[in-house]
Amino acid sequence: MRARHEESWAGNLLSGTGVIIVGLILTLLALAFPIWSYADRADTGTPGPSLLNARTETTRFGPLSALDRDFIEKVRLAGLWEIPAGRQAQQKGTTTAVRTAGRHLVDGHTFLDERVRNVAALLDVPLPDRPTDQQQGWLRELDEAQGTGYDWKFANLLRLAHGRIFPAVAQVRASTRNSLVRALADDANAAVLDHIQVLEATGYVDFDALARGLATDSPPPLTVPVTP
1 MRARHEESWA GNLLSGTGVI IVGLILTLLA LAFPIWSYAD RADTGTPGPS LLNARTETTR
61 FGPLSALDRD FIEKVRLAGL WEIPAGRQAQ QKGTTTAVRT AGRHLVDGHT FLDERVRNVA
121 ALLDVPLPDR PTDQQQGWLR ELDEAQGTGY DWKFANLLRL AHGRIFPAVA QVRASTRNSL
181 VRALADDANA AVLDHIQVLE ATGYVDFDAL ARGLATDSPP PLTVPVTP
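Residue numbers (UniProt numbering): 1 to 228.
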């Protein structure tokens, strides 16, 4: 009788211990799951390791990440609309400073376009052959602008675009493990900084409007003031 009682007590103890262990395991899993799921989210503000390493390919120049490929594409897209914009500024600009900024854009992006096409060919990355819809819209705005209104719109549209790409170049330069992409980022960084400086030297950049534009994902169309 005593043996059966001890056996029943031991069984109850083991059963209770098992329930506690299972409960602890489930609790730990519940706590860990949000961390795992958050790390893999692509919609967070700061790109995580999963985004930076997504679709990473091995090349003889080092790993090529999705961020690297996106950067290569953006360098090409920048040239597709900024070279025509720079050429136009050399013709329509009413001041020497605006025409000089246009020349810097043409020279810088002609050099970068040759570099990016060589890099893309070596890394087998397809490149776009026309500007985005938004970039084509900017070119249309410049086509329609005249006089000092053109100078103002040219300086502010291009300064806003360069302000957006500047931190992206820095991110790629800091994170890439591909030697070709790293060298391209160096060249792009130098060109973008030069363009920012010559655009600001026109005297037309509205820094308050620029700050508002950089603070939003989709800035409204720039409106030329009555007296630029």
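Just so you know, even glycine gets a beta-carbon here, dropped at the ideal spot from N, CA and C.
Given residue i as reference, the closest of the options once Cα atoms are compared
i	options	result
residue 170	193, 156 and 114	193
residue 210	189, 172 and 152	152
residue 81	92, 136 and 114	136
residue 56	204, 175 and 168	175
residue 160	185, 196, 186 and 59	196
residue 191	65, 83 and 204	83
residue 66	126, 166, 162 and 144	126
Residue burial classification, residue i (beta-carbon count within 10 angstroms, cutoff 16)
i	result
residue 207	exposed
residue 124	exposed
residue 68	buried
residue 26	Caution is warranted here: a pLDDT of 45 is assigned to residue 26, below 50, making its placement in the model unreliable, and no coordinate value can be reported.
residue 216	exposed
Straight-line gap, residue i to residue j (C-alpha atoms, nearest Å)
i	j	result
residue 90	residue 103	6 angstroms
residue 146	residue 122	42 angstroms
residue 149	residue 134	20 angstroms
residue 94	residue 139	18 angstroms
residue 183	residue 130	24 angstroms
residue 214	residue 115	28 angstroms
residue 63	residue 178	6 angstroms
residue 109	residue 164	16 angstroms
residue 185	residue 212	27 angstroms
residue 188	residue 132	19 angstroms
residue 79	residue 99	18 angstroms
residue 105	residue 120	21 angstroms
residue 58	residue 117	19 angstroms
Residue i and residue j closer than 8 angstroms at C-beta
i	j	result
residue 181	residue 71	yes
residue 157	residue 88	no
residue 128	residue 200	no
residue 198	residue 101	yes
residue 202	residue 85	no
residue 113	residue 60	no
residue 168	residue 205	no
Counterpart residues of residue i in DSSP-defined beta bridges
i	result
residue 57	64
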